[in-house]
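To keep things clear, I will list the structure first and then write my remarks on it.
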Amino acid sequence: MKFTPTDDQIEKICKPAFEDITSICDEMNFQIQCGNDYIIDFLENIIKSYRNNDGIFKRQIEIEPNL
């Protein structure tokens, strides 16, 4: 990983994002009782999708840098 967030970025952005994601997963498990294994697979699919779209995001930023 090339990026290292600052302490300020971790506190203001990364920790709240982590808490939001965890809360969404907890709510999903509560609502459909899917279990941790399904949630892990679900998150792994998000990671795979995000990795595949990385090039698309970079091109969009080059075309429209205000995104």
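With positions in the sequence shown counted from 1, the corresponding number in my numbering is that position plus 1133. Here a beta-carbon is modelled for each residue, glycine too, at the ideal position from N, C-alpha and C. As the structure is a computational prediction, the values presented were derived from the model and not from experiment.
CB of residue i within 9 Å of CB of residue j, strictly
{"i": "F1151", "j": "M1161", "result": "no"}
{"i": "C1158", "j": "I1180", "result": "no"}
First through last residue of the alpha helix (DSSP H) which encompasses residue i
{"i": "C1167", "result": "Here C1167 belongs to no alpha helix (DSSP H), and DSSP marks it neither H nor E."}
Residue-chain proximity (residue i, chain D), Cβ-Cβ < 9 Å
{"i": "F1175", "result": "This model lacks chain D altogether, as it is built from one protein chain only."}
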